[in-house]
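Under the working numbering, the residue at position 485 of the first sequence is numbered 473, and the numbers go up by one with no gaps. Virtual Cβ for every residue (Gly too), placed ideally from N, Cα, C. Note that the coordinates shown come from a computational prediction; the quantities given were computed from them, not determined experimentally. Quick notes on the structure that follows.
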Amino acid sequence: MENRDIARILSETADLMEVAGEDPFRIRSYRNAVQAIDSLNENIADILGNPERKLTEIPAIGKSIAAHIEELCREGKLKRHQELCAKYPPITLELLRLQGLGPKGVEVLLTHFRVQSLDDLERLCKEGKLRELPRMGEKLEQKLLKSIEAYRRITGRYLISVADELATETQQYLLRGPGVQKVTPAGSLRRGKDTIGDIDLLVTGGEPQKVVEYFLRFPKISEVIAKGENKVSVKLREGIQVDLRMLEPENFGAALQYFTGSKEHSVALRTRAKRMGLQLNEYGLFRVSANARVAGRTEKEVYGALGLAYIEPELRENCGEIDAAAEHRLPRLVRLVDIRGDLHMHSTATDGRCSIAEMAHAAKERGLEYIAITDHTKALAMANGLNEKRVLAQIKEIRKIESQMEGLRIFAGMEVDIHQDGTLDLDDDVLSQLDVVVGSVHSYMTISPEEMTDRLLRAFENPCLHIVAHPTGRLLLRREPFGFDLERVLEAAKRRHIAMEINAFPDRLDLCDQHARLCKEKGVKIVISTDSHHTTHLQNMKYGVLTARRAWLEKKDVLNTLPAAEFKKALQRSPAQVR
DNA sequence: GCCGTTTTCGGCCCGACTGTTTTCAGTCG
């Protein structure tokens, strides 16, 4: 059993314990253990297999949970979990995901109405039945109807990080298959979209039949959806669908183009081909009159034969890239290796799980030249946010750690809350002592778009602010972005010389690709940061870079591609920009 | 259920909003 499966079952157990009204502190222990497992760098199976190691070495895992994990790895299931699953219907876990419903509400709905599905709940809300229950009323019914709609919209999609990991695992398994030479992910995963519907994998080499046979023995497969000569579709245990296609090398380029999409991009390409007397399909590019094959082995060949420069997958959304490729004015997209700094991360001082020194060493190991430690400020009480006094102490600590390290610049920063009225959560004289001030909205996210616009504009008036973190507050598959007048805010950001963040945390990816592209058009600089709460999160930078590439961003558009000293200089705001 | 210790029990994050109440439970971040 893998870490992910163990974490999932423990997390479900915690959810169900909550519905059952068990001790909240016990439940929190389960959740802490889940977090610990999620951010673990090694396989639990390896620890169990090593007689010199103990699970209880892992912080947040004690005797009981260690026993649970051992039971899971031995039996493949957990008695405690199964008992709870028997007690509550399968819909319980989904109901808990709905905004506006917590464990108490779910428990009441289950016992009073015997809700078995989202449809059941939807009907009850529409018929106004919920208001029969204590502490439930019309507003809640309306809220839940909205939540159900939002939930339906997002189910069946996965965060790019989840799809990426599963695709990599599947790919590695396939590469060990008979005669397999190459396994290439295509589809929205290759285009770097923020959420992924299914995983497309293209395989070359080996006899298709034997490869299919081998693939169907992949232990993670839970269901075979379709099986043909050259194509297999399966569902993995995590629920995501994987489509496997076996290709001839001579078709590879055309097929890769076809299966990478997007659909809109491919349609535009085929239209262009047709106008040139050519036909493009997944098997190649053909001259219709001569019935002859023109290209197909590589994508470059296909694009070239269509009179186009090679178009990077991230740009293939039919948003101007084909014209740009024809006129040889495609951007030189920013790359992961261009990134020199990471300007948003947390430490144990607030809700991070590693010390400043641990974060710094991990960043240096990843080849970064500079970082900023940006813990939360006091308004975020749930994260133990820092007040002025603690901020000053942390600045001193950071200077000390930096002086003991070679080859890494550590900026003293803060992720300072932007209050409802647009003021910042720290005194200006403390803010002015920080190297990097990242401003964030974490509260009052449901105010009107007009109020949110005013709030951000007001925050920009603070001369200490440098960067706006996760500007729309969205949580992918969970929470919609809050609304504000983006154009107005970006114009102000340009005038005030304030940068916007692409938050690389896979749940956020905020700004999104389209918004980041608007920044470029408006001349607003971008900073790509990981918002790491653990050293393992530093690797999420690649998802932020993918989003930046989808936004057509080049190295010069992204401030943290600059060397440390130049970056610091680039943050500075002139008196005119502050006024 | 975990952790730290003032070392085997007691503390564990908590303020604010929302909607439903008529003094506050549930949810959220």
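Spatially closest choice to residue i from the options, by CA coordinates
| i | options | result |
| --- | --- | --- |
| H454 | T362, A381, L374 and Y271 | T362 |
| E357 | R225, D326 and K92 | D326 |
| T365 | L303, D339 and G194 | D339 |
| F472 | L465, L445 and L463 | L445 |
| P451 | R567, Y18, R62 and P78 | R567 |
| H485 | E475, A564, H503 and T460 | A564 |
| A313 | A256, A278, H332 and A151 | A256 |
| Y291 | P77, T535 and R304 | R304 |
| E59 | D(-7), D311 and K75 | D(-7) |
| P122 | Y139, E95 and A242 | E95 |
| V533 | R328, I389, S420 and A447 | R328 |
| L232 | E252, V199, A280 and E45 | V199 |
| V546 | R16, A504, Q560 and H521 | A504 |
| V220 | I359, A400, F203 and A369 | F203 |
| A(-5) | I25, R16, N20 and F13 | I25 |
| I516 | R496, A447, A350 and G167 | R496 |
| V456 | L380, A369 and H332 | H332 |
| G125 | A345, G93 and Q104 | G93 |
| I53 | E63, F448 and S17 | S17 |
| F493 | S520, I386 and I57 | S520 |
| D409 | E217, Q169, E554 and H430 | H430 |
| M234 | P166, K51 and I228 | P166 |
| I15 | E468, A48 and D152 | A48 |
| E353 | M393, L412 and R378 | M393 |
| I32 | A55, D11 and I386 | A55 |
| A481 | D311, L465, P469 and E509 | E509 |
| D311 | R260, G9 and G355 | R260 |
Close-in-space but distant-in-sequence residues of the same chain around residue i (CB under 6 Å, 5 per side omitted)
| i | result |
| --- | --- |
| G88 | K131, L132 and S135 |
| K181 | none |
| K75 | none |
| R41 | I35 |
| E287 | G241, L244 and Q245 |
| K208 | L224 and R225 |
| V103 | L97 and L109 |
Per-residue burial, residue i [other beta carbons within 10 Å of its own, 16 or more giving buried]
| i | result |
| --- | --- |
| V276 | exposed |
| I213 | exposed |
| S391 | exposed |
| L177 | buried |
| L463 | exposed |
| R443 | buried |
| M488 | buried |
| L414 | buried |
| P301 | buried |
| P196 | buried |
| T460 | buried |
| S105 | exposed |
| G249 | buried |
| S335 | buried |
| N528 | buried |
| A351 | buried |
| K513 | buried |
Cβ pair residue i, residue j closer than 8 Å
| i | j | result |
| --- | --- | --- |
| E315 | I299 | no |
| G284 | N239 | yes |
| G144 | G185 | yes |
| D330 | L86 | no |
| L422 | M440 | no |
| I406 | S436 | no |
| N(-9) | L28 | yes |
| V7 | T80 | yes |
| A348 | I383 | no |
| R341 | H458 | no |
| I(-3) | L66 | yes |
| T535 | C500 | yes |
| N306 | E252 | yes |
| V404 | V425 | yes |
Close beta carbons around residue i, own chain, < 7 Å, minus the five adjacent residues each side
| i | result |
| --- | --- |
| E542 | P319, R320, L321 and V322 |
| L128 | G88 and L118 |
| I142 | L465 |
Cβ distance (whole Å) where residue i is taken to contact residue j below 8 Å
| i | j | result |
| --- | --- | --- |
| L162 | V191 | 6 Å |
| L72 | M5 | 7 Å |
| L172 | H69 | Note that residue 172 is Thr in the sequence shown, not Leu. Not a contact, Cβ separation roughly 38 Å. |
| I187 | V230 | 5 Å |
| F274 | R281 | 6 Å |
| L189 | A138 | Wrong, their Cβ atoms sit about 30 Å apart, outside the cutoff. |
Cβ-based neighbour list, residue i, same chain, cut-off 8 Å, excluding 5 preceding and 5 following
| i | result |
| --- | --- |
| Q502 | A539 |
| N20 | A48 |
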